[in-house]
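Numbering follows the numbering used here, in which position 143 of the sequence shown is assigned residue number 352; successive positions increment by one, without gaps.
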Amino acid sequence: MNFYILTLFPDMVMQGLHTSMIGRAVDRGYLSIEAVDIRNYSEDKHFRVDDYPYGGGAGMVMQAAPVCRAYHALKDRIGKEHLRVIYMTPQGRTLSQKIVQELAKEEDLVFLCGHYEGIDERALEMIATDFLSIGDYVLTGGELPAMVTIDAVSRLVPGVLNNDASAEFESFHDNLLEYPQYTRPEEYMGKRVPEILLSGHHANIEKWRRQQAILRTLKYRPDLLKEANLTEKEREFLEKAKGK
């Protein structure tokens, strides 16, 4: 899968995305990540890419021309007529696992990172296909949200995880949070690993994990339960848990 990031801070995103699991996936050829410096497409002798907003107001606005030139140069270079361009902004849809799964089906994704007071609306009208947010708060730029989204999408690309099953059976699988995890030692500071996990009875372990996922979702994210994929017995278990 190929990720392209249109940004004023290419070092920031490339350094952050070339570490840990994502960096190893790039080295192994499962992912390709490229940062495109929008400043390189400025025609100003000082490489300025921003100006004062029409109508007044605080801050500066990124100009349309450098953004559009950067996009079209990328599009022409990789030989694609149309690309999915995701503008990272608090005005967009809030990122969810459902959206992550949707994006993971693409071959190429372009992330457009704004700065200052945003990007000239005309550039967004011409090239942006999606507005996406990682939450209802404001950051200094779109680089961190782009990195968050790329990390989440990358985990669903075959080969990226050492254990591909991990992407399927963790938080938000069936709209449930992940069950509690334990490792050695069996006892730590007086707290023991649940006996069921030491039993070797895989069916009982899976049942326990599923119930723990339901309980954890009920406690921390009850809003998710409306769309949780539960069996009839699991719904009965949930109703009993609510009544406690």
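Cβ coordinates follow ideal geometry from the N, Cα and C atoms, glycine included. The structure displayed is predicted, hence computed values, not measured ones.
By the CB criterion at 8 Å, Y325 and G268 fall inside the cutoff.
At a cut-off of 4 residues, the continuous stretches assigned as alpha helix (DSSP H) that sit fully inside the region 290-323 are 306-312. Nearest to A273 by alpha-carbon distance, out of R418, R444 and G327, is G327. In the structure shown, H410 adopts coil according to DSSP, grouped into three states. Around the CB of N384, 16 or more other CB atoms lie within 10 Å, so the residue is classed as buried.
Annotated three-state conformation of G350 is strand, per DSSP. Rounded to whole angstroms, the gap between the alpha carbons of Y388 and L353 is 28 Å. Closest in C-alpha terms to T338, from the list R331, I295, L365 and E315, comes I295.
Judged by DSSP in its simplified three-state form, L424 adopts helix. Boundaries of the alpha helix (DSSP H) around F446: E441 to G452.
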